[in-house]
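Accompanying notes for the structure given below.
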Amino acid sequence: MTWLRNKTCSTSESNVYTLGNIGAHRIVSTKLPSVGSTREAMTAAGNTTTRLLGTFQKVDYVFIVGVAGGIPHYTDYRRHVRLGDVVIACAATVQDPTNVTNGNQPKPYCYVYSSSNNNNNELKGPCEVKGYYPTDDCLQTIGRTIVQNDDGKKPWLQYVQEGLQQLSGRGGHAEHDFARPAPNTDKLYMSIGNKNVIEVAHPIAQLDGQDGGDATDASGAGGAPQTRLHAGPIGSGYDLVRSDSARTEYAQAYNLLATDSEMNSVLDSVVGNCREAFILVKGIADYKDGTTSRKWQNYASLAAAAVMKTIVCAMDAPTNV
């Protein structure tokens, strides 16, 4: 069911909510009007989130699903995030030892936002980095379990196929093509300084599985790579993401697996509305922030939605209905 909720006559804004079921859970979804680093986009995204949570006050779990840019690793297959993969925002396995609160253990984060306005695009200058982590990390626990599961079951791949079948009836236009692009369109480049880059090969999985990969991860039908899942922090910050060198430094400093357009206003709204459980699930569409190339956006968004469905179906059935 789709429901259109109009605002007051003083504004032309409206919100479209789609209600349905996934597994044993009742779901409401909406689309953010715009995302990005502009004040208008961030305000609109935050307001949309606030209106949804105000309209549907019994929402207990918040999923932020979309696309992002992967952080590639040029030599380690296990740590390499490539196009078509999905990153589930979780705390880093290895926390930053400098991120200590009152002498206690480092405070975890699954998402970080940098509001740096440095002209040199470096972390060395003064900048504010804000971390986000849910009070109830049950969704992160499920997500990490799914990533680490080695029983060979990958329900998200089935959900992707089901989604492709449902979406195939929408016509042959490019904007309706959610099929996985050809492997040769996933080109990996390495910066060698002075704004020069070279194309390099993707790292491949060792067949003995010592790097966490296996033959089924490495190739699917026709030898094309399959969608792999990763669990780790996601970051954003326009000044840092737009520079290759600053982005690499940012990712290393906070153990990031992906960077996206600013979601801090959405997360601020979620936290401000006292929602204790939230998670970001991002399909990888490029190696920047998910917005620079449309080629992989459709498939990446479908893959992220499939992983979100996998997490929802793994949740305990509600008892308050």
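Residues 1 to 321 in full-length UniProt numbering are what the sequence shown spells out, letter by letter.
For each residue, glycine too, the CB sits at the ideal point set by N, CA and C.
Unbroken beta strand (DSSP E) run spanning V67, endpoints: Taking the first residue of the sequence shown as position 1, residue 67 is located at position 67. Element bounds for V67: Y61 to G70.
Backbone secondary structure at H73 - three-state DSSP: Position 73 of the sequence shown, counted from the first residue, corresponds to residue 73. Three-state DSSP puts H73 in coil, outside helix and strand.
Exposure label - P318; buried when at least 16 CB within 10 Å: To locate residue 318, count along the sequence shown from 1; it is residue 318. Burial call: exposed.
Span separating the alpha-carbon of E122 from that of T259: What you label residue 122 is simply residue 122 of the sequence shown in a count that begins at 1. What you label residue 259 is simply residue 259 of the sequence shown in a count that begins at 1. Low confidence applies here, because E122 scores a pLDDT of 49, under 50, leaving its location unreliable and the question unanswered by this model.
Own chain, CB closer than 7 Å to D60, minus 5 neighbours either side, in chain order: As a first step, residue 60 is located in the sequence shown; it is residue number 60 there, counting from the start. So the qualifying residues of the chain are A277.
C-alpha gap between T185 and I198, whole angstroms: Residue 185 sits at position 185 when you count from the first residue of the sequence shown. Residue 198 sits at position 198 when you count from the first residue of the sequence shown. The alpha-carbon atoms of T185 and I198 are separated by roughly 16 Å.
Under 8 Å between C-beta atoms of N255 and G237: The residue you call residue 255 lines up with position 255 of the sequence shown. The residue you call residue 237 lines up with position 237 of the sequence shown. For N255 and G237, no; Cβs fall outside 8 Å.
Helix, strand or coil at N15 according to DSSP, with G and I counted as helix: For the purposes of this step, residue 15 is taken as the residue at position 15 of the sequence shown. Strand, per DSSP.
L280 (DSSP reduced to helix, strand or coil): For the purposes of this step, residue 280 is identified with residue 280 of the sequence shown, where counting begins at 1. Strand, per DSSP.
Own chain residues within Cβ distance below 8 Å of S293, not counting five before or after: Here residue 293 refers to the residue found at position 293 of the sequence shown. Correct list, in chain order: A285 and D286.
Inter-residue Cα distance where the pair is S168 and V67: Within the sequence shown, numbered from 1, the residue matching residue 168 stands at position 168. Within the sequence shown, numbered from 1, the residue matching residue 67 stands at position 67. Distance between the alpha carbons of S168 and V67: 21 Å.
The alpha helix (DSSP H) enclosing V160, as first and last residue numbers: For the purposes of this step, residue 160 is identified with residue 160 of the sequence shown, where counting begins at 1. It spans P155 to L167 - the alpha helix (DSSP H) in which V160 sits, taken as one unbroken run.
For L257 and L83, the rounded distance between their alpha carbons: One-based indexing of the sequence shown puts residue 83 at position 83. One-based indexing of the sequence shown puts residue 257 at position 257. About 12 Å.
Residue burial classification, I204 (beta-carbon count within 10 angstroms, cutoff 16): Counted from its first residue, the sequence shown places residue 204 at position 204. Exposed, by the Cβ-count rule.
Whole-number beta carbon distance between G69 and K288, since they are thought to touch under 8 Å: Position 288 of the sequence shown holds residue 288. Position 69 of the sequence shown holds residue 69. About 4 Å separates the two Cβ atoms, so the contact holds.
Proximity below 8 Å, CB of V307 to CB of V86: In the sequence shown, the residue the question calls residue 307 occupies position 307. In the sequence shown, the residue the question calls residue 86 occupies position 86. Yes; because the gap between Cβ atoms is below 8 Å, this pair is in contact.
Collapsed DSSP secondary structure at I22 in the structure displayed: Along the sequence shown, one-based indexing puts residue 22 at 22. If DSSP states are grouped into helix, strand and coil, I22 belongs with the strands.
Exposure of V241, with buried meaning 16 or more beta-carbon neighbours within 10 Å: As a first step, residue 241 must be located in the sequence shown, where it is residue number 241. So V241 counts as buried.
Rounded straight-line distance, which links the Cα of G193 to that of A304: Position 304 of the sequence shown, counted from the first residue, corresponds to residue 304. Position 193 of the sequence shown, counted from the first residue, corresponds to residue 193. Cα to Cα, the separation comes out at about 33 Å.
Span of the beta strand (DSSP E) around G143: Residue mapping note: residue 143 aligns to position 143 of the sequence shown, counting from 1. Careful: G143 lies outside any beta strand (DSSP E), inside the alpha helix (DSSP H) at C138 to Q148.
Sequence-distant residues of its chain with Cβ nearer than 7 Å to N273 (five each side left out): For the purposes of this step, residue 273 is taken as residue 273 along the sequence shown, with counting starting at 1. Same-chain partners within the cutoff: T50 and L53.
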